[in-house]
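S.K.: Sharing a structure, written as structure tokens. Questions coming.
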Amino acid sequence: MNVDHQREVLRRNLRAVEERLRAACTRAGRKREEITLVAVTKAVSAETAALWPGLGVLDLGEGRPQELWHKAALLPAVRWHMVGHLQRNKVERTLPLTALCHSVDSARLAQAVDAEAMKAGRVAEVFLEVNVSREASKHGFAPEEMACLGDSINALKNVHISGLMTMAPEGVDARPTFAGLRELRDRLLREWGRPLPHLSMGMSDDFETAVEEGATHVRVGSVLHEGID
Ligand SMILES: *Cc1c(COP(=O)(O)O)cnc(C)c1O
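Residue 1453 is where the sequence shown ends in the numbering used here, and the numbering goes up by one at each step.
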């Protein structure tokens, strides 16, 4: 498939996703500008991912550190989002390439990110991943763990926690999971005494529901890359 044809496919997919995003915003009484569309490029090549900036999509996401390293080397001028599990021994190499890590899923990982950010003389913006649906197969903090995390995690000087992230279970209504993350965020505002403005939730199958429930970041892969081979 040549590059012009690929670009046309992506443009068409993007237009359809944008229409659905806008419709969901209208239903929820929200503005489209409140939501960042992160194009998750894990199923496509770096060459395909490289077409997104030309179409106005400057936020790209990857689920695996090695894949992020590879694509970020070829595409340094976009905002890279780490959305999958990050092992502590990969923090050193991943952090400098990452604008935002959505998937900080343990206190030890938060501490490793803090140490690395301190070395680099920066503050790393992160979201905490919460396993709202309590599936054994998923990473993330248990919701009831969050309240007592406040002191240790908020003491980290080089980590700025600006939001929460979750994934809905497959094959069932995503709404209770997304509403659960929003309610947890509201509760933490009282318990931690500070706001977490961002909610990263919603993928190809459920991003409209996520927008209706308050998502500020939707992580969309397959519907944006449909028809690319
Ligand atoms: C793959 C992935 C996505 C995108 O999923 P699609 O269903 O392809 O839209 C979003 N978030 C995470 C954490 C992922 O691993």
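Using N, Cα and C, we set each Cβ at its ideal position, and we do this for glycine too.
1. Do A1331 and I1259 have their CB atoms nearer than 8 Å?
2. What does DSSP give as the partner residues of R1443 in its beta bridges?
3. If V1435 and L1282 are in contact, beta carbons under 8 Å, what's the gap, nearest whole angstrom?
4. Below 8 Å CB to CB, which residues in the same chain sit around P1320 once its five sequence neighbours on both sides are set aside?
5. By alpha-carbon positions, which one of S1357, E1291, P1421, H1305 ends up nearest to L1261?
6. Would K1266 pass as a contact of P1289 if the rule is Cβ separation under 8 Å?
7. From the DSSP secondary-structure annotation, give me the bridge partner or partners of F1351.
8. Can you say whether Q1311 is buried or exposed, counting buried as having 16 or more other CB atoms within 10 angstroms of its CB?
9. Just curious, the beta strand (DSSP E) that E1286 is in, first and last residue?
10. Just to confirm, does M1391 get its C-beta within under 7 Å of one of the non-hydrogen atoms of ligand 3?
11. What is the DSSP secondary structure of W1416, counted as helix, strand or coil?
12. With a cut-off of 8 Å on the beta carbons, I'd call P1367 and L1408 a contact; round off their distance for me.
13. Considering Cα atoms alone, identify which of L1405, R1411, L1380 is closest to A1392.
M.R.: Reading it off the structure:
1. It is not a contact, given that the beta carbons lie outside the stated cut-off.
2. V1262
3. That belief does not hold up - the Cβ atoms of V1435 and L1282 are roughly 19 Å apart, past 8 Å.
4. A1344
5. H1305
6. No; because the gap between Cβ atoms is not below 8 Å, this pair is not in contact.
7. G1387
8. exposed
9. 1283–1286
10. Within the structure as shown, ligand 3 is missing, the only ligands being ligand 1.
11. helix
12. Yes, P1367 and L1408 are in contact; Cβ-Cβ is about 5 Å, under 8 Å.
13. L1405
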